[in-house]
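S.K.: Attaching a single structure in structure tokens format; questions to follow.
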Amino acid sequence: MIHIHIIWVGKTQEKAINHLVQDYINRLRPYAKIEITEIRDPKLKSIQESQTKERDDITKQITNTDYLVCLDENGKQFSSQEFSTELSNLKNRSVSRFCFVIGGSFGIHPDLLNDADLRLSFSKMTFTHEMIRPFLLEQLYRACMIETGSKYHH
Numbered sequence: 115m116i117h118i119h120i121i122w123v124g125k126t127q128e129k130a131i132n133h134l135v136q137d138y139i140n141r142l143r144p145y146a147k148i149e150i151t152e153i154r155d156p157k158l159k160s161i162q163e164s165q166t167k168e169r170d171d172i173t174k175q176i177t178n179t180d181y182l183v184c185l186d187e188n189g190k191q192f193s194s195q196e197f198s199t200e201l202s203n204l205k206n207r208s209v210s211r212f213c214f215v216i217g218g219s220f221g222i223h224p225d226l227l228n229d230a231d232l233r234l235s236f237s238k239m240t241f242t243h244e245m246i247r248p249f250l251l252e253q254l255y256r257a258c259m260i261e262t263g264s265k266y267h268h
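Have a look at this one:
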């Protein structure tokens, strides 16, 4: 069973988004050990101060054996099939835990981006840090369904 740890900044305020998040967490549970960590939104005066505080709080949640995936608008893009294959290949290479990081309003601190094993982008467009949460969970669920041969994907 795949172990997925998702770290994001701030609580999910929008009820509709929170409903989707919970739905996909529940769907994923039979296929993955899923762990969500919400880092408190620092809401500091400067972008740099906010990103630095977020980096420090996020880093405390990451182990040196995690496969670190940072969501970044300039990251690598995959089709759903390619993403499923990538996760499967990494599992086969003994990756025991995937750690996905969704930054706050100002994005992820450059230090974390540089430490990432993979910088992942869902689109060239920008999404809110809340909106991307169900997108990530849905794609993780879809990847599991592709791997198991479920008809969910098509």
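Counted from 1, the sequence shown has number 145 at position 31 by our numbering; the numbering is strictly sequential.
In this text, a Cβ means the ideal position worked out from N, Cα and C, and glycines have one as well.
Computed from a predicted structure; not experimentally measured.
Would you call the segment 180-190 in contact with the segment 227-236, where contact means no fewer than 3 C-beta pairs closer than 8 Å?
M.R.: Touching, yes, given that three or more Cβ pairs across the two stretches are closer than 8 Å.
S.K.: For residue 167, does the count of other Cβ atoms within 10 angstroms reach 16, so buried, or fall short, so exposed?
M.R.: Buried: at least 16 other Cβ atoms inside 10 Å.
S.K.: From residue 196 to residue 126, what does the alpha carbon distance come to, in whole angstroms?
M.R.: Approximately 28 Å, taken between the alpha carbons.
S.K.: Applying the criterion that 16 or more other CB atoms from any shown protein chain within 10 Å of the CB defines a buried residue, is residue 248 buried or exposed?
M.R.: Label assigned to residue 248: buried.
S.K.: What's the C-alpha gap between residue 84 and residue 260?
M.R.: With the chain running from 115 to 268 in the structure shown, residue 84 is simply not present.
S.K.: Taking the DSSP output, what are the residues bridged to residue 152?
M.R.: For residue 152, which the question treats as bridged, DSSP gives the partners 122.
S.K.: Taking three-plus beta-carbon pairs below 8 Å as touching, is the segment 201-216 in contact with the segment 156-163?
M.R.: They do not touch, by the three-pair rule.
S.K.: Considering only the beta carbon of each residue, do residue 131 and residue 244 sit closer than 8 Å?
M.R.: Against a cut-off of 8 Å, the Cβ pair of residue 244 and residue 131 comes out as a contact.
S.K.: Might you give, ordered along the chain, the residues of its own chain that have their beta carbon closer than 8 Å to the beta carbon of residue 174, omitting 5 neighbours on each side?
M.R.: There are no such residues.
S.K.: Per DSSP, which residues does residue 117 bridge with? Please list them.
M.R.: Its beta-bridge partners are 147.
S.K.: Check residue 212 in the structure and name its three-state DSSP category.
M.R.: It is a strand residue.
S.K.: Just reading off the alpha helix (DSSP H) that residue 188 is part of, what are its end residues?
M.R.: Taken as a continuous stretch (DSSP letters only), residue 188 belongs to no alpha helix (DSSP H), being part of the beta strand (DSSP E) at 181-190.
S.K.: Under a Cβ-count criterion, where at least 16 other Cβ atoms within 10 Å of its own Cβ denotes burial, should residue 138 be classed as buried or exposed?
M.R.: By the neighbour-count rule (16 or more Cβ atoms within 10 Å), residue 138 is buried.
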